[in-house]
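Notes for the one structure printed next.
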Amino acid sequence: MTVVVLHRRSLGELPYGEWLGGDAIVVDSSTTAADSASATAELAVLSLASNTHVTALVALHPDDQIRAGALRDRLGLPGQTRDEAVVGADAIRAADLLGAAGVPVVPRAPAATIPDLYRAAHTWGYPLVVRRRRGPERAVVAGLADETALRAFARGGLAEGDTAATAGLTVEPATTGPRHRGPGNPATDAALAALPAMPGHPFEVEAVQDALGTWRVDIVRYTGDTADARHLVDAQARQLESAEAV
Numbered sequence: 001m002t003v004v005v006l007h008r009r010s011l012g013e014l015p016y017g018e019w020l021g022g023d024a025i026v027v028d029s030s031t032t033a034a035d036s037a038s039a040t041a042e043l044a045v046l047s048l049a050s051n052t053h054v055t056a057l058v059a060l061h062p063d064d065q066i067r068a069g070a071l072r073d074r075l076g077l078p079g080q081t082r083d084e085a086v087v088g089a090d091a092i093r094a095a096d097l098l099g100a101a102g103v104p105v106v107p108r109a110p111a112a113t114i115p116d117l118y119r120a121a122h123t124w125g126y127p128l129v130v131r132r133r134r135g136p137e138r139a140v141v142a143g144l145a146d147e148t149a150l151r152a153f154a155r156g157g158l159a160e161g162d163t164a165a166t167a168g169l170t171v172e173p174a175t176t177g178p179r180h181r182g183p184g185n186p187a188t189d190a191a192l193a194a195l196p197a198m199p200g201h202p203f204e205v206e207a208v209q210d211a212l213g214t215w216r217v218d219i220v221r222y223t224g225d226t227a228d229a230r231h232l233v234d235a236q237a238r239q240l241e242s243a244e245a246v
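Just so it is clear: in the sequence shown, position 137 is 137 by this note's numbering, and no numbers are missing.
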């Protein structure tokens with residue numbers, strides 16, 4: 001068994017070789033702001049796979065989940081796929097999946113252009129909030145209390161049709177109600193039942209109560225960077241055994 005591990009230095013030193021019985025090949029997937037779009041790690045894995053029989057791919061960091069899923073797809077490895085990984089990283093994709101399963105979600109839409117903001121205001125009214133589409137906490141970029149605030153925000157960067165710089169934003173109604181994280185809530189329980197369950201790739205769900213008292217799922221996040229690392233590494237590395245046992 002040869003397991004390739006995508007590792008980021010921010011996770012600290014982890015004894016992958018000890019945990020996997022010496023069968024781990026570690027690829028540094030750390031990036032900086034200057035090379036965040038670099039495919040160096042992917043190319044290194046593909047090069048290894050060209051002359052080594054790779055049986056599993058392990059990745060713990062949230063920013064490596066989609067990359068690892070895409071590599072599993074490319075190499076035909078068992079485990080979490082790219083599409084499954086995207087659900088834990090992309091707010092729109094998560095909302096689409098859960099909404100299709102009948103789970104109440106906070107309504108949101110991509111906010112790439114000025115017309116996107118006006119459509120949101122027409123649909124939901126004010127106040128609105130612009131947030132990051134990806135990221136474990138989906139940071140708030142701007143609060144839009146009224147049309148004046150919308151225009152001011154639009155002047156700061158959004159264009160009529162250019163989406164290159166703003167593809168990573170969403171617009172949605174502002175929510176200020178009570179929040180619940182984890183199981184034990186009707187919305188989060190329904191979401192956890194609908195999300196793809198894959199050993200070694202834990203999801204956490206956070207819900208918020210809207211003005212009418214309905215609990216709605218707001219955030220789906222991957223929490224592998226805060227869970228027990230050894231357990232997750234073992235679960236991801238043994239996906240081949242799990243697949244063969246089915």
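Backbone N, C-alpha and C define an ideal beta-carbon position, used for all residues, glycine too. Just so we're clear, the structure is a prediction, and the values are computed from it rather than from any experiment.
Which residue or residues does DSSP assign as beta-bridge partners of aspartate 90?
-> According to DSSP, which records beta bridges pairwise, aspartate 90 is partnered with Arg134.
For glycine 168, I'd like the list of residues in its chain whose CB is within less than 8 Å of its CB, leaving aside the five on either flank, ordered along the chain.
-> So the list reads Arg132, Arg133 and Arg134, once near-sequence residues are dropped.
Thinking C-alpha only, which one of Ser47, Asp23 and Glu84 is nearest alanine 56?
-> Across the set Ser47, Asp23 and Glu84, the C-alpha of Asp23 shows the shortest separation from the C-alpha of alanine 56.
Who are the near neighbours of threonine 52 in its chain, counting only those whose CB is closer than 7 Å to its CB and skipping five residues on each side?
-> Closer than 7 Å at Cβ, skipping near neighbours: Thr2.
N-terminal and C-terminal residue of the alpha helix (DSSP H) that glycine 17 is part of = From DSSP, the alpha helix (DSSP H) with glycine 17 extends over 16-19.
Under 8 Å by Cβ, that's how I've got arginine 179 and valine 208 pegged, so tell me the actual separation to the nearest angstrom.
-> The C-beta distance from arginine 179 to valine 208 rounds to 5 Å, short enough to meet the 8 Å contact threshold.
Are there 16 or more other CB atoms within 10 angstroms of the CB of aspartate 28, so buried, or fewer, so exposed?
-> Counting C-beta atoms within 10 angstroms of its own C-beta, aspartate 28 has fewer than 16 neighbours from the protein chains shown and is therefore classed as exposed.
Just tell me which of Ala100, Val103 and Val129 has its CA closest to the CA of proline 110.
-> Checking every option, the nearest Cα to that of proline 110 belongs to Val129.
Ordered list of alpha helix (DSSP H) runs contained in the stretch 48-129, each at least 4 residues = 65-75, 82-87, 91-100 and 114-124, all fully within the stretch 48-129.
Is it true that the stretch 92-104 meets the stretch 136-149, where meeting means three or more beta-carbon pairs spaced less than 8 Å apart?
-> At 8 Å Cβ cutoff, the stretches do not touch.
Throw me the rounded Cβ distance for the valine 54 and leucine 77 pair, which I believe falls under 8 Å.
-> Right, their Cβ atoms sit about 7 Å apart.
Between the stretch 64-73 and the stretch 4-17, do three or more beta carbon pairs fall short of 8 Å?
-> Taking 8 Å as the limit for Cβ pairs, the verdict is that the stretch 4-17 does touch the stretch 64-73.
DSSP on proline 186, reduced to helix/strand/coil?
-> Helix.
Buried versus exposed, by CB contacts within 10 Å (16 or more), arginine 9 | Counting other Cβ atoms within 10 Å of its Cβ, arginine 9 stays below 16 and is therefore classed as exposed.
Using DSSP with H/G/I as helix, E/B as strand and the rest coil, what is threonine 250?
-> The chain is shown from 1 up to 246; residue 250 falls before or after that span and cannot be answered.
Give the secondary structure of aspartate 225 by DSSP, where H, G and I count as helix, E and B as strand, and everything else as coil.
-> Coil, per DSSP.
From what residue to what residue does the beta strand (DSSP E) around arginine 181 run?
-> First-last of the beta strand (DSSP E) with arginine 181: 179-181.
Span of the beta strand (DSSP E) around alanine 142 | Per DSSP, alanine 142 is one residue of the beta strand (DSSP E) stretching across 140-144.
For leucine 11, which three-state DSSP category applies?
-> Per DSSP, reduced to three states, the secondary structure at leucine 11 is helical.
Selection from Ser50, Ser47, Val87 and Trp124 that minimises the alpha carbon distance to aspartate 63 = Nearest of Ser50, Ser47, Val87 and Trp124 to aspartate 63, Cα basis: Val87.
When DSSP builds the beta bridges, which residues end up paired with valine 45?
-> Bridge partners of valine 45: none, in fact.
Does DSSP put arginine 216 in a helix, in a strand, or in coil?
-> The answer is strand: DSSP assigns arginine 216 an E or B state.
What is the rounded straight-line gap between the Cα of aspartate 282 and the Cα of aspartate 210?
-> This structure does not reach residue 282, given that the chain is present from 1 up to 246, and the question cannot be answered.
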